[in-house]
Amino acid sequence: MIATLLRLDEWTRSINAGEAESPLRRKLIARATAPDPIRQIAENLIEHASGIERDLLLKSVQEVLFYSVNFETGLNGAQIKTRLKQFLDHEKRSTFIRQFLSFYFFNYVWYHTGESFRAWALTSQVFEKEMENVEKICEKTVASAFKSHEREEPVLDRNAAKELIHNVEQRLRGLDDREG
13 MIATLLRLDE WTRSINAGEA ESPLRRKLIA RATAPDPIRQ IAENLIEHAS GIERDLLLKS
73 VQEVLFYSVN FETGLNGAQI KTRLKQFLDH EKRSTFIRQF LSFYFFNYVW YHTGESFRAW
133 ALTSQVFEKE MENVEKICEK TVASAFKSHE REEPVLDRNA AKELIHNVEQ RLRGLDDREG
C-alpha cells in the first residue's frame, strides 16, 4: 500500500508539474497501450503488490483514474494523461490522493464485511444503503486523517505515508491515539 501511494503521489506530481521526462511518467504512459490503458496504468503503479492487497489496490487505482477522467471510457494513454492534468489543474493533487485512499479503504472494509451486510440486509435497498454508509464513513475518516497529515507534514514521503495509512486504520477501528 505504501509503495503504491508513493508512486501515485510521484506520478501525479510529475503530471501536475508538466514534467514530460519524468521516468515514472514515461514508463506508465508508454506501457498504457493495451486495450485497457487505465488498467495497465493501475497495474504499473501497483507492480510490487500481491494477493488480496494487489486486487484491492488495482481496483482502487482504476476507480480513482476513472473518477479523475469523469468516468469516460475508451481513452488512450495520452488522453488519460491530458484529462488527469486537467483534473489536477482544477482540483488539488491532494484531492486525487485522498480520493484514492477513500476508494482503497472502502474496498478493504467492504471486502472484509460485505457478506455480513448482505446476510443482514432484508432487501437490496437496505444493502445499498449500508454500502453507502460504509463509503461515507471511509470518506470522512480518510478526509479527517488527511487533513491532520496536511497540517503536520505536507510532503508525502515513506514515513508520512506510513503514518497517514496507520492513522486512517486507527480511526476506522475507533482507536484514536489521542484517547489512549
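The sequence shown stops at residue 192 when you use the working numbering, and every number in between is there.
Ideal Cβ positions, reconstructed from N, Cα and C, are used throughout, including at glycine.
Classification of residue i by the beta-carbon crowding that lies within 10 angstroms, buried from 16 upward
i      : result
Arg190 : Because Arg190 carries a pLDDT of 47, less than 50, the predicted location of this residue cannot be relied on, and the following value inherits that uncertainty. Result: exposed.
Glu110 : Here residue 110 is Arg; the residue named in the question, Glu, does not match the sequence. Per the 10 Å Cβ criterion, buried.
Ala29  : exposed
Ile92  : buried
Ala173 : buried
Ile14  : exposed
Ala131 : exposed
Phe83  : exposed
Pro47  : exposed
Span of the alpha helix (DSSP H) around residue i
i      : result
Asp21  : Ile14 to Ala29
Thr94  : Gly89 to His102
His178 : Arg170 to Arg185
Gly126 : Arg105 to Trp132
Phe83  : Premise fails: Phe83 is in no alpha helix (DSSP H) and is neither H nor E.
Pro49  : Pro49 to Leu57
Inter-residue Cα distance where the pair is residue i and residue j
i      : j      : result
Leu113 : Ser160 : 14 Å
Gln182 : Ile149 : 13 Å
Leu20  : Leu57  : 7 Å
Glu103 : Leu77  : 14 Å
Phe129 : Phe118 : 14 Å
Thr24  : Leu134 : 42 Å
Ala61  : Glu151 : 23 Å
Lys97  : Val180 : 27 Å
Asp188 : Ser156 : Because Asp188 carries a pLDDT of 47, less than 50, the predicted location of this residue cannot be relied on, and no value is offered for it.
Lys71  : Ile53  : 12 Å
Glu55  : Thr153 : 26 Å
Tyr116 : Asp101 : 23 Å
Phe139 : Glu75  : 21 Å
Gly192 : Glu144 : Since pLDDT at Gly192 reaches only 44, below the 50 mark, its modelled position is unreliable, and the value read off the structure follows with that caveat. The alpha-carbon atoms of Gly192 and Glu144 are separated by roughly 30 Å.
Pro49  : Arg170 : 27 Å
Arg66  : Gln137 : 30 Å
Residue i versus the options, residue with shortest Cα-Cα distance
i      : options                           : result
Arg51  : Gly86, Ile64 and Lys174           : Gly86
Leu68  : Arg185, Tyr120, Phe139 and Phe129 : Tyr120
Thr125 : Glu142, Thr24, Gln182 and Arg19   : Glu142
Glu22  : Val167, Arg95 and Glu140          : Val167
Ala90  : Ile27, Arg170 and Leu17           : Ile27
Leu184 : Leu17, Glu140 and Glu147          : Glu147
Thr16  : Pro47, Pro49, Asp48 and Val73     : Val73
Glu59  : Glu140, Pro47, Arg95 and Leu18    : Leu18
8 Å contact criterion, which residue i and residue j should meet: CB distance rounded
i      : j      : result
Ile64  : Tyr123 : 7 Å
Glu162 : Ser106 : 7 Å
Chain D within 9 Å of residue i, Cβ atoms only
i     : result
Val76 : Although the question refers to chain D, the structure presented lacks it and comprises just one protein chain.
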